[in-house]
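Reviewing the structure listed below.
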Amino acid sequence: MARWTSDCSLIPILPTKTLSKVLLSISFPYTTIHTITSSSSFGYRKLVIINSSSKSSSPILEDSYDSLQIIQGSNFSISNGYIRVLCKDPRTRALAFDYYQKAKLQQNFQPEQSTVNLLISGLIKSEQWNSIATLSKDFEAFNVCPGRSTCTRLIHFCVRARKFRLVDSLLKVLETKRGVDVLAFGAAMRGYNKLHMYRSTVSAFDRMRAANIPPSFSCYFSTMYAFQKLGDLDKVLSLFLEFEPKISKSSAFSAEIYFVLCDSLGRSGRAFKALRYFKEMIGKGISPRPSIYASLICSFAGAKEAEIAEDIFQEAKDMRMVRDPAVFLKLVLMYVELGLMEKTIGVVESMKDIKVKASDCVLCAIINGYVSKEGPRASLRAYERLKSLNCEFGQVTYASIINVYCRLGLSQKAEAVFSEMLAKGFDRCVVAYSNMISMYGKLGKARDATRLLAKMKEKRCEPNVWVYNSLIDMHGRLANIKQVEKLWKEMKRREIAPDKISYSSLISAYNKVKDLEECLKFYNEFKLNGGRIDRILAGIMVGVFSKSNRVDELVEMLKDLKTEGLRLDARLYKSSLNALRDAGLQSRVKWLEENFRVEVEKDKT
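Once you know that position 572 of the sequence shown is 572 in UniProt numbering, the rest is easy, because the numbers rise by one and skip nothing.
And the structure:
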């Protein structure tokens, strides 16, 4: 009996059922598979293949390893079925592409679409991108193409893996394959948008047109979305007008397309045009989405068209399509700008009706709106009304209320709200700490301010420049210069850059203890760092220059004020005038009178 012994290959050990499928897909001319047996003592499988033309039943092959040797001779043929079986079994999937490569060397081998689909799925799972590139060349060579869903998955995963050169080469091949060309480009554009590669989306769309591939609604939507993100809102409109006649109730992506259009028009200040297209969409029987209502409401609220915004809001509310928190904030901001403060509370009541929680941004906008439009006391009344609606305040709203109480000098109320804020877990709000420390500073409660600073550090809430400014100002007014110096050094150590208020408070503190040299030192440091003097600092330095007989420097400072266009108030003008007269500099007195008297009179008026 003749035996085949040339060109052996290995595959891992398989279950009997799977092995049978593999063997049945292999062509062994004049040979019949008679038995497949297993050896329980050694854990390997013995394959017995009997030549049907021979009377002998001697086995062709016996496997002595934990694998199965399949003997391939000159008559052995790898079929599509054999490759598919390898693809389907996880233990042999890694060998499938190698056998596919060998199969291509056979005469008359033609890969089938189902084989290509399975190969692609396996290569995607194992992320063998080079093998995918090799396989893609066979799409043209063998005139075979993956199925629609496989093609979409292939492009999607390549883009997600950021294999952009591979995507480019795949599109080059697939753009000639009708049936999958549109799907391939659509998948690429969706993938690019997810990665915020909007210019790549636009390039893919242009490439489709150049290849005379009619874009699908999905492609139009992706490109419109890309143009919107790029800020080219006119392109969004022109692209929409290009395929508008094709849009109908049954069109895919129709609602999304109208959303991008209306949102783009609203952002570009064309809210009324957006509303017109919205009505056109309704006329076509296309069901609106919550997102398009939100866009229209925000557009008209931003344009301060209160009545139209309210009408659209009511319509959306009736249809239960108000979900975006940005809508409520936009309405509140519109009412604040228009001075319709009572309606801001109405927005919160509407949120309660539809069981939407009022965000901290909305509540804070209402409180600050009342402060700016009707004063701090009115904001406290609004705060009490919001409390009656069972609103849950966040740290931003708490900080705003604390600031109002501090401004009104209601220290006990401020402390109560601050304690409530801490009890709710908002113990790292720098603004709230800053307001409280500033209030203690103005009241001269140094111990309370110092205690709060220590608590702030304990909570790992880093003090900012406002906190240090308040503390330096407080200790400066108390003439506690050692504490001022300690705070200043701590600021430097923490690398907190001092601002104009920091230097003004520091110089004022040294001026209070009559340390004029230190005043001059820090004033020069402030100027050296590019600081621009204001009336407060100028008022302090007029006294410093006068007391230290530095009249020339006083004049230079006044010249700087003139150059920067800063007017002197009556007090500062009088102080400067007295300093120059006391120094006997009549020419400088005349210069001051000629340059600043008119401006002082204007300020008085």
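From the three backbone atoms N, C-alpha and C, an ideal C-beta is built for every residue, glycine too.
Comparing C-alpha positions only, which one of the options sits nearest to residue i?
{"i": "Val144", "options": "Ile155, Gln110, Ala133, Ala326", "result": "Gln110"}
{"i": "Phe545", "options": "Arg535, Asp534, Met557", "result": "Met557"}
{"i": "residue 639", "options": "Ala303, Ser299, Ser264, Ile257", "result": "Outside the displayed span of the chain (1 to 605) sits residue 639, for which this structure offers no information."}
{"i": "Arg320", "options": "Leu338, Met351, Gly339, Leu340", "result": "Met351"}
{"i": "Phe217", "options": "Lys249, Lys88, Asp515, Lys172", "result": "Lys249"}
{"i": "Asn578", "options": "Glu349, Lys562, Gly539", "result": "Gly539"}
{"i": "Gly530", "options": "Val371, Gly476, Ala497, Ile78", "result": "Ala497"}
{"i": "Trp466", "options": "Leu453, Arg377, Val356, Gly302", "result": "Leu453"}
{"i": "Ile286", "options": "Ser575, Ile78, Asn549, Phe253", "result": "Phe253"}
{"i": "Pro290", "options": "Val551, Gly269, Asp263", "result": "Asp263"}
{"i": "Leu95", "options": "Tyr82, Leu261, Arg270", "result": "Tyr82"}
{"i": "Ala103", "options": "Asn549, Asn117, Asn80", "result": "Asn80"}
{"i": "Ala479", "options": "Ala358, Ala509, Arg199", "result": "Ala509"}
{"i": "Lys235", "options": "Val260, Asp318, Ala423, Pro245", "result": "Val260"}
{"i": "Ile367", "options": "Phe596, Leu329, Lys355", "result": "Leu329"}
Grouping DSSP H, G and I as helix and E and B as strand, with all else coil, what is residue i?
{"i": "Tyr65", "result": "Residue placement at Tyr65 cannot be trusted, given a pLDDT of 32 that sits under 50; the coordinates are not used to answer."}
{"i": "Ser505", "result": "helix"}
{"i": "Ser216", "result": "coil"}
{"i": "Ser268", "result": "coil"}
{"i": "Ser77", "result": "strand"}
{"i": "Phe253", "result": "coil"}
{"i": "Thr115", "result": "helix"}
{"i": "Ala211", "result": "coil"}
{"i": "Arg381", "result": "helix"}
{"i": "Arg323", "result": "coil"}
{"i": "Ser299", "result": "helix"}
{"i": "Asn435", "result": "helix"}
{"i": "Arg532", "result": "coil"}
{"i": "Ala94", "result": "helix"}
{"i": "Phe240", "result": "helix"}
{"i": "Asn464", "result": "coil"}
{"i": "Met197", "result": "coil"}
{"i": "Glu175", "result": "coil"}
In whole angstroms, give me the CA-to-CA distance for residue i and residue j.
{"i": "Pro146", "j": "Gln113", "result": "6 Å"}
{"i": "Gln69", "j": "Arg91", "result": "Since pLDDT at Gln69 reaches only 40, below the 50 mark, its modelled position is unreliable, and no value is offered."}
{"i": "Met224", "j": "Leu233", "result": "9 Å"}
{"i": "Ser222", "j": "Leu195", "result": "13 Å"}
{"i": "Asn524", "j": "Gly369", "result": "41 Å"}
{"i": "Leu333", "j": "Tyr433", "result": "27 Å"}
{"i": "Leu230", "j": "Phe393", "result": "37 Å"}
{"i": "Ile213", "j": "Thr344", "result": "52 Å"}
{"i": "Ala316", "j": "Val327", "result": "11 Å"}
{"i": "Ser295", "j": "Phe240", "result": "18 Å"}
{"i": "Ser438", "j": "Val513", "result": "22 Å"}
{"i": "Leu170", "j": "Gln314", "result": "50 Å"}
{"i": "Arg45", "j": "Lys88", "result": "Note that Arg45 scores 42 on pLDDT, short of 50, meaning its location in the model is unreliable and no value can be drawn from it."}
{"i": "Lys442", "j": "Leu275", "result": "53 Å"}
{"i": "Ser74", "j": "Val180", "result": "Reliability fails at Ser74, whose pLDDT of 45 lies under 50, so the model's placement of it is uncertain and no value is given."}
{"i": "Glu594", "j": "Leu537", "result": "23 Å"}
{"i": "Arg460", "j": "Arg385", "result": "34 Å"}
{"i": "Ser587", "j": "Asn469", "result": "39 Å"}
{"i": "Ser25", "j": "Tyr100", "result": "Caution applies to Ser25, whose pLDDT of 49 falls short of 50 and renders its modelled position unreliable; the value that the coordinates give is listed next. Spanning the two alpha carbons is a distance of roughly 14 Å."}
{"i": "Tyr192", "j": "Gly122", "result": "24 Å"}
{"i": "Val404", "j": "Pro376", "result": "6 Å"}
{"i": "Leu568", "j": "Val589", "result": "15 Å"}
{"i": "Ala446", "j": "Ile472", "result": "11 Å"}
{"i": "Tyr398", "j": "Phe418", "result": "7 Å"}
{"i": "Gly409", "j": "Glu415", "result": "11 Å"}
Between residue i and residue j, how many whole angstroms is the CB-CB distance? I'm expecting something under 8 Å.
{"i": "Leu86", "j": "Ile120", "result": "The Cβ separation is near 14 Å, so there is no contact."}
{"i": "Ile292", "j": "Ala309", "result": "Their Cβ separation, rounded to whole angstroms, is 14 Å, which puts Ile292 and Ala309 out of contact at 8 Å."}
{"i": "Lys273", "j": "Ile247", "result": "Actually they are not in contact, since the Cβ atoms of Lys273 and Ile247 sit about 17 Å apart, beyond 8 Å."}
{"i": "Leu506", "j": "Val484", "result": "7 Å"}
So residue i is in the alpha helix (DSSP H); what residue range does that whole segment cover?
{"i": "Leu568", "result": "It is not in any alpha helix (DSSP H) - Leu568 carries neither H nor E in the DSSP assignment."}
{"i": "Asn193", "result": "181-194"}
{"i": "Gly369", "result": "360-374"}
{"i": "Gly543", "result": "535-547"}
{"i": "Cys519", "result": "516-528"}
{"i": "Asn390", "result": "Taken as a continuous stretch (DSSP letters only), Asn390 belongs to no alpha helix (DSSP H), as it is neither H nor E."}
{"i": "residue 620", "result": "Since the first and last residues shown for the chain are 1 and 605, residue 620 lies out of range."}
{"i": "Ile286", "result": "Taken as a continuous stretch (DSSP letters only), Ile286 belongs to no alpha helix (DSSP H), as it is neither H nor E."}
{"i": "Asn130", "result": "129-141"}
{"i": "Ile345", "result": "341-353"}
{"i": "Ile155", "result": "148-160"}
{"i": "Asp448", "result": "446-458"}
{"i": "Leu558", "result": "551-563"}
{"i": "Asp318", "result": "306-318"}
Indicate, with yes or no, if the ligand MN has a heavy atom lying under 8 Å from the CB of residue i.
{"i": "Asp552", "result": "This structure does not include the ligand MN; it has no bound ligands of any sort."}
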